[in-house]
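See below for the structure under consideration.
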Amino acid sequence: MAAKDHNTARADIHEAPTPAALDTTSSGRTDRSPERSGDNGRTDIADHVVAKIAGMAAREVRGVHQMGGGAARAFDAVRERIPGSTSTNAAARGVSVEVGQTQAAVDINLVVEYGISIPDLAGVVRRNVTAGVERMTGLEVTEVNVTVDDIHLPDDETAQESPSEPRVR
């Protein structure tokens, strides 16, 4: 029985705090402002951190093939071919954010898999991004704008993987 209690206590340590465990305002609303000042200091969250969280949350959605518009994807393809270069913003590719004191607005550009309902996918992306950003930062997400820049066709990969027959021998 003692081992079970120890395991339960250990699981609680690794879980994120629930809204009930956080301070609440007089209205009962949870106050998780990322720039809230207190006796022990202030917490600031950089814009690129919010962009990375939003990008990762969007990538988790089934049907999202790739992030970023055509120019961003082309630039990354060129950068990948340069020895020693790395993409420092891979997680935030295709994401731009505007972050205020207590709110954030997110714009996402993505490529979807062929056959997926784009309106349904956009709704799921919005919900996932909103939940991820709000949970991890405490910022209220005011909007998530989704732009579908392209559709990925299954034939696209097979055409790139198998080069055509040489014309001369």
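Last residue of the sequence shown: 172 in the numbering used here, with the numbers rising by one and none dropped.
Idealized CB from N, CA, C, for every residue including glycine.
Answer yes or no: do residue i and residue j have a C-beta to C-beta separation smaller than 7 Å?
i, j, result
"V128", "A61", "yes"
"A94", "G58", "yes"
"A125", "V149", "yes"
"Q104", "T145", "no"
"I56", "V136", "yes"
"V70", "G97", "In the sequence under discussion, the amino acid at residue 70 is Met, which differs from the Val named in the question. Yes, Cβ-Cβ distance for M70 and G97 is below 7 Å."
"V100", "D50", "yes"
"D152", "G72", "yes"
Quick one: grab the DSSP three-state call for residue i.
i, result
"E101", "strand"
"V115", "strand"
"Q154", "One detail in the question is off: residue 154 reads as Ile in this sequence, not Gln. Looking at I154 - three-state DSSP - the assignment turns out to be strand."
"R65", "coil"
"A54", "helix"
"V171", "coil"
"A107", "strand"
"R32", "Interpretation of R32 is limited by its pLDDT of 37, a score under 50 that renders its predicted location unreliable; no figure is taken from the coordinates."
Taking its Cβ as the centre, do 16 or more other Cβ atoms sit within 10 Å of residue i, making it buried, or is it exposed?
i, result
"L156", "exposed"
"A54", "buried"
"N43", "exposed"
"A24", "The predicted position of A24 is uncertain, since its pLDDT is 44 and thus under 50; a value taken from the coordinates is nonetheless stated next. By the 10 Å Cβ count, A24 comes out exposed."
Could you give the first and the last residue of the continuous alpha helix (DSSP H) run that contains residue i?
i, result
"G126", "121-140"
Mind reading off the beta-carbon distance from residue i to residue j? Whole number of angstroms is fine, and I expect it under 8 Å.
i, j, result
"E116", "H68", "5 Å"
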